[in-house]
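Please read the structure below before turning to the comments.
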Amino acid sequence: MQGCCRPFRIDRLVPLAISRGQTHGLERLLVEVSHGGVTGLGETGHVDTGHHSYSIQAVAAE
18 MQGCCRPFRI DRLVPLAISR GQTHGLERLL VEVSHGGVTG LGETGHVDTG
68 HHSYSIQAVA AE
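Here the sequence shown stands for residues 18 to 79, numbered as in the numbering used here.
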């Protein structure tokens, strides 16, 4: 099994404003896993479990 991940950014055309602030874009992580000629793709962002928060870099390191 082989895997890799690459960070990428999604920029919004219009900033999203909510009570906690305003965001202009998102940092995401593209995940690719290959095995036996089959490749799967997925994406994730930072992970917040309520007890722990993991940055994009921490998720990529796992």
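Don't be surprised by glycine CBs; every beta carbon is placed ideally from N, CA and C.
Please read these numbers as outputs of a predicted model, since none were measured by experiment.
Unbroken beta strand (DSSP E) stretches of 3 residues or longer found wholly inside the segment 27-64: 38-52 and 55-61, given in chain order. Its chain contains no residue whose beta carbon lies nearer than 6 Å to that of H68 once the 5 sequence neighbours on both sides are disregarded.
Listed in chain order, the non-local C-beta contacts of Q19 below 6 Å within the same chain comprise S51, local neighbours out to five positions each way being set aside. For a cut-off of 8 Å, the C-beta gap from G62 to E44 is around 7 Å, short enough to register as a contact.
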